[in-house]
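Residues in the sequence shown are numbered from 1 upward in steps of one, following the UniProt record's numbering.
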Amino acid sequence: MANHLLPSTTKKAIETIVGYRFKNPNYLWEALQAHGSHVTKIDGRFIGEGNKRLALVGDSVLRLVLLGDWYPSSFYTAGATPVLVKLLSNEYLDKRGRELGLETFIVKNLAQGKVVYKRTMASTMEGILGAIYLDSGKNLEKVESSMSTMGIKYKWTDDLTMNREKVSPDPK
Numbered sequence: 001m002a003n004h005l006l007p008s009t010t011k012k013a014i015e016t017i018v019g020y021r022f023k024n025p026n027y028l029w030e031a032l033q034a035h036g037s038h039v040t041k042i043d044g045r046f047i048g049e050g051n052k053r054l055a056l057v058g059d060s061v062l063r064l065v066l067l068g069d070w071y072p073s074s075f076y077t078a079g080a081t082p083v084l085v086k087l088l089s090n091e092y093l094d095k096r097g098r099e100l101g102l103e104t105f106i107v108k109n110l111a112q113g114k115v116v117y118k119r120t121m122a123s124t125m126e127g128i129l130g131a132i133y134l135d136s137g138k139n140l141e142k143v144e145s146s147m148s149t150m151g152i153k154y155k156w157t158d159d160l161t162m163n164r165e166k167v168s169p170d171p172k
């Protein structure tokens, strides 16, 4: 199929949700493409796997920002691991994406009807973070700011008395 353009109302709504203004809306448009959507090219570039490429970038950036925030704390690695596993999980990203209302903006796989599956929402969340990273000139501070706006954050404690084996990951 030919190029499709991101509707300006969609762009504005998502920019408000994520707290970032896109210079190149094609990144955002790609982030909204579920695998198997009818959009196969954006700006002349083939995107046959939807937002999967951006989601890989976004997953790595999400992990890097979370670890960058964790590193200066005194939070034990044994306690950090379950927190990271939760914040990086499809379940958590799916939940946050739905709470933000992003399912209405995803360009779905036509064979799946109107359903947005958990993995699709998680990939879209990761894709949006990847889009912000690339659009901002690979600025991690911009990604971190958007993550905070989207509610993807964790307050790492410096309490050295914390029991390392009994940490309960609750990012709120």
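C-beta: ideal position from N, C-alpha, C; glycine also.
Can you tell which of Leu87, Ile128 and Met147 has its C-alpha closest to the C-alpha of Gln33? Taking each of Leu87, Ile128 and Met147 in turn and checking the Cα distance to Gln33, the smallest one comes out for Ile128.
Return the bridge partner residues of Arg119 from the DSSP annotation. Partner(s): none; Arg119 has no beta bridge.
Distance between beta carbons of Trp156 and Phe105, contact taken as under 8 Å: Contact doesn't hold; Cβ gap of about 31 Å is too wide.
Which partner residues of Ile42 appear in the DSSP bridge assignment? Arg45
Contact under 8 Å by Cβ, Ala111 with Asn90: No, the Cβ-Cβ distance between Ala111 and Asn90 is not below 8 Å.
Would you list the residues sitting across from Val107 in a DSSP beta bridge? Gln33
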